[in-house]
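See below for the structure under consideration.
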Amino acid sequence: MEPILERVILDENGRLPQFEDRRVKELAEFAHRMKQDDVTEKMVLEDIKSRDIDNLTLVLKASKEHVFTSLQQAIYFMGQSLNRALLKMGCGALDHHAKRADPQNTDTDFVTRVLDKQMLRKQVRCEHRKPDMYPPEDRWRSGLYLYKANEIAYFISNPTLRNEHRQGGIILPGVKSFVVLTNVPR
3 MEPILERVIL
13 DENGRLPQFE
23 DRRVKELAEF
33 AHRMKQDDVT
43 EKMVLEDIKS
53 RDIDNLTLVL
63 KASKEHVFTS
73 LQQAIYFMGQ
83 SLNRALLKMG
93 CGALDHHAKR
103 ADPQNTDTDF
113 VTRVLDKQML
123 RKQVRCEHRK
133 PDMYPPEDRW
143 RSGLYLYKAN
153 EIAYFISNPT
163 LRNEHRQGGI
173 ILPGVKSFVV
183 LTNVPR
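Numbering of the sequence shown is given in my numbering, commencing with residue 3 and proceeding in unit increments.
Rendered as structure tokens:
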């Protein structure tokens with residue numbers, strides 16, 4: 003994680019003015035609270051790993067399969083799910099700015115910075131695990147893992163290809179479908 007960098011103004015004696023001193027104290031208190039809220043701070047790596055596996059098991063039990071006929075639909079659904087998950091965790095920059103966005107302006111730096119600050123303040127972290135991290139039979143485990151205070155909160159799998167398509171109780175062979183597994187509520 004990158005350090006929080008803030009520019010401060012010093013007076014002619016090289017000291018912080020009162021308003022800057024207050025801001026520095028607020029940031030220091032914020033960093034201290036974040037460290038206190040981290041339940042994994044005093045754990046060894048083996049304990050963190052077993053805790054992560056337990057949390058992932060609970061998240062996967064709550065997950066549902068969503069089936070799509072095209073890869074584009076599945077990717078669009080992943081984006082919608084990511085936005086819903088971020089909103090539920092208090093990070094609404096994507097949703098807020100998408101409503102006011104100018105279609106001609108493709109500069110996303112501002113929205114990215116706002117979202118980064120929101121995620122930092124809310125202790126939200128997003129991790130993308132690539133498919134090549136897993137053996138072929140476990141590729142469905144790749145995707146977006148969203149953490150809140152170092153606990154897995156949401157999981158959105160990468161679209162996986164299924165060579166059969168179910169329509170009700172009937173299996174249609176030869177029709178490809180794409181499956182996204184997620185616990186993000188609709």
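A virtual CB, placed ideally from N, CA and C, is assigned to each residue, including glycine.
Query: DSSP bridge partner residues for residue 69 (one or two, in chain order); Result: 181
Query: Residues that DSSP places opposite residue 52 in a beta bridge; Result: Partner(s): none; residue 52 has no beta bridge.
Query: Under 9 Å between C-beta atoms of residue 117 and residue 146; Result: no
Query: Exposure of residue 157, with buried meaning 16 or more beta-carbon neighbours within 10 Å; Result: buried
Query: 8 Å Cβ shell around residue 92 - same chain, five flanking residues per side excluded; Result: 120, 124, 126
Query: Counted within 10 angstroms of its Cβ, other Cβ atoms place residue 177 as buried (16 or more) or exposed; Result: exposed
Query: Whole-Å CB distance - residue 184 paired with residue 159, under 8 Å assumed; Result: 7 Å
Query: Terminal residues of the beta strand (DSSP E) in which residue 150 lies; Result: 145-150
Query: Minimum C-alpha distance to residue 55 - residue among 115, 155, 112; Result: 155
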